[in-house]
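Student: So the first sequence is numbered by the UniProt record's numbering: it starts at 1 and just counts up by one. Glycine included, each C-beta is placed from N, C-alpha and C at the ideal position. This is the structure I want to talk about, given as structure tokens.
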Amino acid sequence: MTDFDNLIIDSIGDLKRTHDCGALTLKDTGSEAVLMGWVNTRRDLGSLIFIDLRDRGGITQVVFDPLVSGEAHEKAQVLRNEWVVAVKGVVEKRLQENPDLSTGQIELKVSQVKILNRTETPPFQVDGAVDASETLRLKYRYLELRRPQVFSAFFKRHMIASSIRQYLNNEGFIEVETPFLTKSTPEGARDYLVPSRVNKGMCYALPQSPQLFKQLLMVAGFDRYYQIVRCFRDEDLRSDRQPEFTQVDLEMSFVDEEGVMAIFEGMMQKIFREILAHEVALPIKRISYHEAMDRFGTDRPDMRFGMEIKDVSDIAAKSDFKIFKGALESGGKVKAINVKNGGGYFSRKKIDELSSFVAGHGAKGLAWIKVTEDGWQSSLDKFFGPEDKALLVSRLESGPGDTILIAADREKVVNDALGALRIEVARRLDLIGGGYSFVWITRFPLLEYNETEKRLEAVHHPFTSPLEEDLQYLDDHPDKVRARAYDLVLNGAEIGGGSVRIHNTALQERIFRILGISQEEALIKFGFLLEALKYGAPPHAGMAIGFDRLVAIMAGVSSIREVIAFPKTTSATCLLTDAPSRVDEAQLRELGLRPDML
RNA sequence: GGGGGCGUAGUUCAGUUUGGUUAGAACGCCGGCCUGUCACGCCGGAGGUCGCGAGUUCGAGCCUCGUCGUCCCCGCCA
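As structure tokens, then:
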């Protein structure tokens with residue numbers, strides 16, 4: 001055992017760090033340098049000790065040679081991985097270069113070493129070849145963040161934020177902070193509530209987004225606002241959803257959707273160019289919500305690959321296949337995707353797996369056709385005549401070796417199932433190439449009927465302006481009304497969305513009425529907005545992007561937890577701090593809460 | 001709220017199919033040797049409530065039930 005208790009920890013003294021561990025090069029040969037950092041690895045050859053010293057800038061090999069300094073060499077014998085040291089010495093060209101290190105041409109011959117801190121044996125190896133479990137990595141998050149490749153994602157995040165601020169500042173936007181302790185709103189996600197001590201029995205809500213405040217800033221004449229801001233939603237988590245997350249939020253006056261979309265296109269082009277040296281081709285293509293649903297079964301299509309969904313209801317109607325006919329007779333659809341050269345992949349077992357996959361999305365089954373030189377290999381073979389077979393194959397642009405997958409059900413279910421299946425199959429067959437595929441989704445429906453609540457809801461949010469040409473349907477066919485809303489989709493992930501807002505009190509009140517929000521309730525919940533709209537509200541529009549999602553895609557990681565310094569688990573706890581936790585009864589009483597309720 | 005995966009030395013895993021003597025490996029850790037290593041090498045050593053709790057059994061890491069944690073997905077997320 002190392003005698004930790006008697007080990008002397010040095011003070012930093014008058015040593016000043018001259019470089020970081022990635023900075024020294026051949027040009028520095030012969031000069032003296034002082035480095036400080038963590039022991040990444042140690043190679044003790046007896047009378048010669050090598051240490052790879054690491055800080056956030058990189059790794060430099062330092063050498064302890066008794067011929068240079070016996071004292072330093074003696075001291076270096078106790079060093080272990082992750083100890084914190086300062087070393088002073090002369091930069092020398094290496095006898096043998098290490099091409100794996102950016103500093104691999106040089107090393108530091110140590111004349112003086114200070115042990116600044118030691119470490120307990122870490123729960124996992126910071127410089128480990130194998131990864132520890134995420135549970136452990138989150139509990140000791142500060143150790144994981146010490147890893148160079150993890151740090152690099154956060155550096156990238158910083159650079160992207162910095163680039164966005166620079167861009168928006170140049171475009172005439174000003175950053176304004178809006179309250180975190182604010183008012184609960186009835187629409188949308190579940191709120192995080194904060195009980196008020198001064199006003200017992202009452203609660204603030206943490207904002208789901210600064211939506212209403214930024215609209216008020218437009219009424220105030222701020223003209224162009226932005227904020228890189230934390231938002232809070234008390235909903236279940238996913239790999240791309242955390243209870244607190246960051247938005248790049250902005251709002252503009254005297255513009256329509258074109259003005260907002262142009263700003264974001266410019267922003268994407270700039271950050272992809274500066275951070276990834278990737279050129280985003282402008283303008284970003286646009287498709288309507290309906291087109292997205294028809295072609296991809298989702299409002300966030302991944303357009304890096306084809307395999308689009310085709311409606312084959314008309315052909316299926318002529319077949320004798322009961323399941324198809326049944327679905328069509330009850331108003332449903334029959335749709336299909338064609339998997340190019342899928343024949344080799346789709347064994348009985350794989351098809352069964354995919355059938356249960358679509359079952360998870362509500363579909364009752366999955367029909368399949370293997371197209372061969374000699375015709376169909378399929379249980380559907382006998383239900384279709386030769387002409388209809390040819391028609392179906394040509395509709396799907398299918399050919400020998402391909403496999404056609406078909407679903408029949410209500411249109412929503414078919415779209416859901418095939419939309420998800422399209423992604424699943426592409427993943428399994430590795431059809432999703434690299435690169436970045438942006439698309440705008442426009443003309444969303446304004447309203448949607450919520451089966452559970454038995455009432456109409458805003459698809460986007462209740463402040464979204466309807467398309468003027470659709471206003472005529474507002475009372476009689478509210479489902480036909482389209483919104484002046486737009487989503488930005490990147491590689492199949494919704495990274496942002498926005499809309500032209502309602503700036504007219506009468507229309508806003510009318511929308512609330514259609515949403516079943518009584519005049520009284522609207523006044524209580526949104527009275528301040530309705531009032532503000534009366535005092536010269538300019539036309540305005542805005543948008544917000546999910547910054548964590550954007551950074552995750554740009555950093556090439558699969559979960560936003562990788563780009564959040566201290567993220568929460570899927571049960572919304574923090575393994576590092578152990579939040580949330582019980583609080584003293586006295587604290588609860590002070591808030592007017594009864595301890596027995598918790 | 002529902003479905004699925006995982007839980008065994010400090011860490012990552014094997015062992016669970018077919019219950020059976022003392023639960024293994026690699027990395028890490030500790031000690032020794034080594035002057036050009038860079039995943040250094042060589043020799044030796046320590047280290048386990050098999051997530052937790054019940055049950056079945058002569059006997060459970062392995063079978064059953066429950067429970068907790070974590071991850072993925074559906075619902076949910078204007």
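Give the C-beta separation of I106 and T29 to the nearest angstrom, bearing in mind that I take them to be a contact with Cβ-Cβ under 8 Å.
Tutor: The Cβ separation is near 7 Å, so the contact holds.
Student: Given this structure, state the Cα-to-Cα distance separating I502 from R510, to the nearest angstrom.
Tutor: Distance between the alpha carbons of I502 and R510 is about 11 Å.
Student: Roughly how many angstroms lie between the CA atoms of L181 and A483, to the nearest whole one?
Tutor: Spanning the two alpha carbons is a distance of roughly 30 Å.
Student: Which residue spans inside the stretch 292-365 form an unbroken beta strand (DSSP E) run of at least 3?
Tutor: The stretch 292-365 contains these whole beta strand (DSSP E) runs: 333-339.
Student: In the DSSP assignment, what are the bridge partners of R501?
Tutor: Note: R501 sits in a beta bridge opposite T464.
Student: In the DSSP assignment, what residue or residues form a beta bridge with V563?
Tutor: BP columns for V563 are empty, so no partner.
Student: Do Q247 and G546 have their C-beta atoms closer together than 8 Å?
Tutor: Result yes, Cβ atoms of Q247 and G546 sit closer than 8 Å.
Student: Along the alpha helix (DSSP H) that carries S394, what are the first and last residues, could you check?
Tutor: Note, S394: alpha helix (DSSP H), 386-395.
Student: When we look at the beta-carbon of D430 and count the other beta-carbons within 10 Å, is it buried (16 or more) or exposed?
Tutor: D430 is exposed by the Cβ-count criterion.
Student: Please determine, among V150, F254, Y486, the residue with the shortest C-alpha to C-alpha distance to A292.
Tutor: Considering only alpha carbons, the answer is Y486.
Student: Rounding to the nearest angstrom, what Cα-Cα distance links D20 and S184 in this structure?
Tutor: Taking the straight line from one Cα to the other gives about 48 Å.
Student: By DSSP's criteria, K109 is part of a beta bridge. Which residues make up the other side?
Tutor: According to DSSP, which records beta bridges pairwise, K109 is partnered with V63, V90.
Student: Below 6 Å CB to CB, which residues in the same chain sit around R118 once its five sequence neighbours on both sides are set aside?
Tutor: Result list for R118: W83, in chain order.
Student: Would you please state the rounded distance, in angstroms, between the beta carbons of K403 and G342? I believe it to be under 8 Å.
Tutor: First, the residue type needs correcting, since residue 403 is Thr and not Lys in the sequence shown. With a Cβ gap of about 4 Å, T403 and G342 count as contacting.
Student: Does DSSP put G37 in a helix, a strand or coil?
Tutor: In this structure, G37 counts as strand in the three-state DSSP scheme.
Student: DSSP on K27, reduced to helix/strand/coil?
Tutor: It is helical.
Student: If you draw a straight line from the alpha carbon of V91 to that of T41, how long is it in whole angstroms?
Tutor: Cα to Cα, V91 sits roughly 19 Å from T41.
Student: Out of curiosity, what's the CA-to-CA distance linking E251 and M261?
Tutor: Roughly 11 Å between the two C-alpha positions.
Student: Going by Cα to Cα distance, which pick from L593, C574, A544 is closest to E265?
Tutor: Ranking L593, C574, A544 by Cα distance to E265 puts A544 first.
Student: By the three-class DSSP mapping on this structure, what secondary structure does T372 have?
Tutor: In the structure shown, T372 sits in a strand (DSSP, three-state: E or B).
Student: When you compare the CB positions of F232 and Q208, do they come within less than 8 Å of one another, or not?
Tutor: Yes.
Student: Can you give me the start and stop residues for the alpha helix (DSSP H) that T135 sits inside?
Tutor: That run of the alpha helix (DSSP H) goes 134-139.
Student: Classify L588 as helix, strand or coil using the three-state DSSP reduction.
Tutor: L588: helix per DSSP, three-state reduction.
Student: Please classify E144 as buried or exposed, where buried requires at least 16 neighbouring CB atoms within 10 angstroms.
Tutor: The residue is buried, with at least 16 neighbouring Cβ atoms inside 10 Å.
Student: Just to confirm before moving on: does the CB-CB distance between A367 and D409 stay below 8 Å?
Tutor: No, the pair does not count as a contact, with Cβ atoms beyond the cut-off.
Student: By the three-class DSSP mapping on this structure, what secondary structure does D3 have?
Tutor: Low local confidence applies: a pLDDT of 47 at D3 is under 50, so the model's placement there is unreliable, with the coordinate-based value given in what follows. Coil, per DSSP.
Student: One question on the structure: do F528 and P462 come within less than 8 Å of each other, judged by their Cβ atoms?
Tutor: It is not a contact, given that the beta carbons lie outside the stated cut-off.
Student: Evaluate P283 with the Cβ neighbour count: other Cβ atoms within 10 Å of its Cβ, from every protein chain shown; 16 or more gives buried, anything less gives exposed.
Tutor: Counting Cβ neighbours within 10 Å, P283 comes out exposed, since fewer than 16 surround it.
Student: Grouping DSSP H, G and I as helix and E and B as strand, with all else coil, what is Y225?
Tutor: Residue state, collapsed to three classes: strand.
Student: Which of the three DSSP states, helix, strand or coil, is assigned to S69?
Tutor: Coil, per DSSP.
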